[in-house]
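Trainee: Dropping the structure in here first, questions after.
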Amino acid sequence: MFAGRDPMPRIEAFRNWYERAGVRSEHRKLIDAEDDIHKAFFPEHLVPHLDHPLVDPGDPVLRRYLTAQHAFQWLRFTMHFEVAVVVRASQKIADGSSGLHLHETTRMDAYKIVVDEGYHSLYSLDVLHQLAGRSEIPALDYDFGPFIAGLDAVGEDFPQHRRLVELLQVVVFETLVTSILSDIPPDESVVTIMRETVREHAIDEGRHHAFFSAFFKHLWSQLDPPLRRRVAHYLPPLVLRSLRPATDPARDALLSAGFGPSKTADIIADSFSSDKVLAGIRHSAAKTLRLFEEVGVLDQPGARDAFTEQGLLLP
74 MFAGRDPMPR IEAFRNWYER AGVRSEHRKL IDAEDDIHKA FFPEHLVPHL DHPLVDPGDP
134 VLRRYLTAQH AFQWLRFTMH FEVAVVVRAS QKIADGSSGL HLHETTRMDA YKIVVDEGYH
194 SLYSLDVLHQ LAGRSEIPAL DYDFGPFIAG LDAVGEDFPQ HRRLVELLQV VVFETLVTSI
254 LSDIPPDESV VTIMRETVRE HAIDEGRHHA FFSAFFKHLW SQLDPPLRRR VAHYLPPLVL
314 RSLRPATDPA RDALLSAGFG PSKTADIIAD SFSSDKVLAG IRHSAAKTLR LFEEVGVLDQ
374 PGARDAFTEQ GLLLP
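Read in order, the letters of the sequence shown correspond to residues 74 to 388 in my numbering.
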């Protein structure tokens with residue numbers, strides 16, 4: 074699959090991992106007895122449907138419930154995604170089954186990512202349980218299945234590319250920069266355990282971003298021309314499917330809060346319109362798209378048009 078045998082250049086992102094990684098240096102996050110559990114669990118401006126006219130701005134109980142469910146959904150998504158997608162691909166890099174020629178140090182760094190992400194998954198579920206238990210707001214069920222099925226459907230017509238697509242999945246997601254990781258830690262309206270959890274997560278993800286940016290440059294350099302063209306057309310749907318917001322959890326939260334099916338459908342349609350969603354995706358994927366531009370992905374035949382047609386680039 075890979076044409077080259079040159080090793081990936083070593084990077085310094087994990088040089089101080091044993092001293093700085095969250096799993097190595099941080100204690101378990103607990104809700105302090107003096108912490109104000111009545112603070113928000115998530116910034117309201119990051120919950121799209123809260124701004125809808127049908128959601129009463131003067132009803133703090135309703136808004137708290139919807140915000141809590143959004144936080145619970147994000148924590149549960151993180152719990153699943155870190156293991157099902159990031160660990161799955163990172164394990165291949167770490168154990169030498171990625172198909173790429175890598176330094177032993179690089180493979181060890183990938184093992185560190187496996188450890189990081191397993192810990193992120195664990196504390197996401199831990200924080201969810203603490204918040205739900207302390208607030209007595211029950212977390213609604215969340216089905217991760219449709220997300221992973223959609224992600225794994227990219228390239229399914231070419232089963233020989235399954236391993237490659239899994240590597241691309243983790244490159245895409247680990248180089249994205251979402252508002253969640255930057256906006257929550259400094260927001261004093263958000264409960265402390267959530268702010269501290271996201272702060273720690275963001276620090277680890279900074280190292281992962283550096284690793285996977287370098288990894289993608291190396292991976293791209295090892296692809297032969299026909300496979301580069303194929304990869305250039307796998308990437309737009311991977312970006313979209315990684316970042317497209319899940320509307321089913323929002324719908325379930327609205328229905329459980331007492332909104333009827335018709336009003337719920339209207340709120341979802343307005344709050345998650347195609348234009349709004351694509352604008353948010355372009356913002357979060359800006360660094361990823363610059364990485365693709367830098368290595369020459371968009372120079373492949375038809376690639377720039379494909380990214381534009383999918384709404385990732387403006388005409």
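Ideal placement from N, C-alpha and C gives every residue a C-beta, glycine not left out.
Just so you know, these numbers come straight off a predicted model, no measurement behind them.
#1: If you follow the alpha helix (DSSP H) that Met-152 is part of, which residue opens it and which one closes it?
#2: Since Lys-102 contacts Glu-269 with CB under 8 Å, what's their CB separation in whole angstroms?
#3: My guess is that Ile-84 and Ala-287 are in contact by the Cβ rule of under 8 Å, so how many angstroms apart are they, rounded?
#4: Could you tell me the alpha carbon to alpha carbon distance between Pro-299 and Leu-316, rounded to whole angstroms?
#5: Grab me the residues of Ile-341's own chain with a C-beta within less than 8 Å of its C-beta, minus the 5 sequence neighbours each way, in chain order.
#6: Quick check on Val-134: buried or exposed, where buried means 16 or more other Cβ atoms within 10 Å of its Cβ?
#7: So Asp-199 is in the alpha helix (DSSP H); what residue range does that whole segment cover?
#8: Quick check on the DSSP output: what are the complete alpha helix (DSSP H) runs of length 4 or more inside the region 306–371, in order along the chain?
#9: Would DSSP call Ala-106 helix, strand or coil?
#10: Could you tell me the distance, in whole angstroms, from the CA atom of Val-245 to the CA atom of Tyr-91?
#11: Which same chain residues, not among the five before or five after Arg-272, have their C-beta less than 6 Å away from its C-beta?
#12: Can you name the start and end residues of the alpha helix (DSSP H) that Asp-15 belongs to?
#13: Taking C-alpha atoms, which residue in Leu-201, Arg-303, Phe-285 and Met-267 lies nearest to Thr-248?
#14: Can you tell me which of Val-238, Leu-119 and Phe-217 puts its alpha carbon nearest to the alpha carbon of Ala-226?
#15: Can you tell me where the alpha helix (DSSP H) with Gly-218 in it begins and where it stops?
#16: Counting along the chain, where does the alpha helix (DSSP H) carrying Ile-294 start and finish?
#17: Indicate whether Val-263 and Phe-145 have their beta-carbon atoms separated by less than 8 Å.
#18: Where does Ala-379 fall in DSSP's three states?
#19: Which residue or residues does DSSP assign as beta-bridge partners of Ala-113?
#20: Which residues in the same chain have their Cβ closer than 8 Å to the Cβ of Leu-198, if we skip the five residues on either side of it in sequence?
#21: Going by C-alpha distance, which of Ile-186, Ala-305, Pro-219 and Glu-107 is nearest His-274?
#22: Closer than 7 Å by C-beta to Leu-241: which residues in its own chain qualify, once you throw out the five before and the five after it? Chain order, please.
#23: In this structure, how does DSSP classify Arg-101 when only helix, strand and coil are distinguished?
#24: At what residues does the alpha helix (DSSP H) containing Asp-256 begin and finish?
#25: To the nearest angstrom, how far is the alpha carbon of Arg-280 from that of Gly-223?
#26: State yes or no: is the C-beta of Ala-141 within less than 8 Å of the C-beta of Ser-194?
#27: Under a three-way DSSP split, which group does Gln-22 fall into?
#28: With H, G and I counted as helix, E and B as strand and the rest as coil, what does DSSP make of Pro-211?
#29: At the level of alpha carbons, what is the spacing between Leu-364 and Val-350?
#30: Once you ignore the five residues that flank His-291 on each side, which residues in its own chain have a CB closer than 6 Å to its CB?
#31: Where Gly-191 and Arg-88 are concerned, what is the direct C-alpha to C-alpha distance, given to the nearest angstrom?
#32: So the alpha helix (DSSP H) Val-158 belongs to, where does it begin and stop?
Mentor: Reading from the atomic positions:
#1: The residue you call residue 152 lines up with position 79 of the sequence shown. Its alpha helix (DSSP H) spans residues 133–154.
#2: Taking the first residue of the sequence shown as position 1, residue 102 is located at position 29. Taking the first residue of the sequence shown as position 1, residue 269 is located at position 196. Taking C-beta atoms under 8 Å as the contact rule, Lys-102 and Glu-269 qualify, at a distance of about 6 Å.
#3: For the purposes of this step, residue 84 is identified with residue 11 of the sequence shown, where counting begins at 1. For the purposes of this step, residue 287 is identified with residue 214 of the sequence shown, where counting begins at 1. At roughly 5 Å, the Cβ-Cβ gap stays under 8 Å, so Ile-84 and Ala-287 are in contact.
#4: The residue you call residue 299 lines up with position 226 of the sequence shown. The residue you call residue 316 lines up with position 243 of the sequence shown. Going by the C-alpha atoms only, they are around 27 Å apart.
#5: For this step, residue 341 is matched to residue 268 along the sequence shown. A distance below 8 Å between beta-carbons, with the five flanking residues on each side excluded, links Ile-341 to the following residues of its chain, in chain order: His-122, Thr-320, Ala-323, Arg-324 and Leu-327.
#6: Position 61 of the sequence shown, counted from the first residue, corresponds to residue 134. That one is exposed.
#7: The sequence position of residue 199 within the sequence shown is 126, counting from 1. Run containing Asp-199: 177–208, per the alpha helix (DSSP H) assignment.
#8: 320–329, 334–344, 347–357 and 359–368
#9: As a position in the sequence shown, residue 106 is number 33, starting the count at 1. It is coil, neither helix nor strand.
#10: Locating residue 245 in the sequence shown gives position 172, where the first residue counts as 1. Locating residue 91 in the sequence shown gives position 18, where the first residue counts as 1. The straight-line gap from Cα to Cα measures roughly 26 Å.
#11: Within the sequence shown, residue 272 is the residue found at index 199, counting from 1. Cβ contact annotation for Arg-272 (same chain, cutoff 6 Å, sequence separation greater than five): Pro-258, in chain order.
#12: Residue 15 lies beyond the range of the chain shown here (74 to 388); nothing can be said about it.
#13: Position 175 of the sequence shown holds residue 248. Residue Phe-285 is the option with its Cα nearest to Thr-248.
#14: As a first step, residue 226 must be located in the sequence shown, where it is residue number 153. Comparing Cα-Cα distances from Ala-226 to each of Val-238, Leu-119 and Phe-217, the minimum goes to Val-238.
#15: For this step, residue 218 is matched to residue 145 along the sequence shown. Note, Gly-218: alpha helix (DSSP H), 218–226.
#16: On the sequence shown, position 221 is the one that residue 294 refers to. What sits at residue 294 in the sequence shown is Ser, not Ile. Segment 265–294, the alpha helix (DSSP H) holding Ser-294.
#17: Along the sequence shown, one-based indexing puts residue 263 at 190. Along the sequence shown, one-based indexing puts residue 145 at 72. No, the Cβ-Cβ distance between Val-263 and Phe-145 is not below 8 Å.
#18: Within the sequence shown, the letter at position 306 stands for residue 379. Ala-379 falls in the helix class under three-state DSSP.
#19: As a working mapping, residue 113 is identified with position 40 in the sequence shown. DSSP lists Val-263 as partners of Ala-113.
#20: Looking up residue 198 in the sequence shown gives position 125. Excluding sequence positions up to five before and after Leu-198, its CB lies within less than 8 Å of the CB of Leu-148, Arg-149 and Met-152, all in the same chain and listed in chain order.
#21: Numbered from 1 along the sequence shown, position 201 holds the residue referred to as residue 274. Across the set Ile-186, Ala-305, Pro-219 and Glu-107, the C-alpha of Ile-186 shows the shortest separation from the C-alpha of His-274.
#22: Residue mapping note: residue 241 aligns to position 168 of the sequence shown, counting from 1. Val-304, Tyr-307, Leu-308 and Leu-311, listed in sequence order.
#23: Working through the sequence shown from its first residue, we reach residue 101 at position 28. Arg-101 falls in the coil class under three-state DSSP.
#24: By 1-based counting over the sequence shown, the position of residue 256 is 183. Note, Asp-256: alpha helix (DSSP H), 252–256.
#25: Within the sequence shown, the letter at position 207 stands for residue 280. Within the sequence shown, the letter at position 150 stands for residue 223. Straight-line Cα distance between these residues: approximately 27 Å.
#26: As a position in the sequence shown, residue 141 is number 68, starting the count at 1. As a position in the sequence shown, residue 194 is number 121, starting the count at 1. Against a cut-off of 8 Å, the Cβ pair of Ser-194 and Ala-141 comes out as no contact.
#27: Only positions 74 to 388 of the chain appear in this structure, which leaves residue 22 out of reach.
#28: Taking the sequence shown and counting its residues from 1, one reaches residue 211 at position 138. Coil.
#29: On the sequence shown, residue 364 is found 291 positions in, with the first residue counted as 1. On the sequence shown, residue 350 is found 277 positions in, with the first residue counted as 1. Whole-angstrom Cα-Cα distance: 21 Å.
#30: The sequence position of residue 291 within the sequence shown is 218, counting from 1. Cβ neighbours of His-291 beyond the five flanking positions: Met-81.
#31: Locating residue 191 in the sequence shown gives position 118, where the first residue counts as 1. Locating residue 88 in the sequence shown gives position 15, where the first residue counts as 1. Approximately 20 Å between the Cα atoms of the pair.
#32: For this step, residue 158 is matched to residue 85 along the sequence shown. From DSSP, Val-158 is part of no alpha helix (DSSP H); its letter is neither H nor E.
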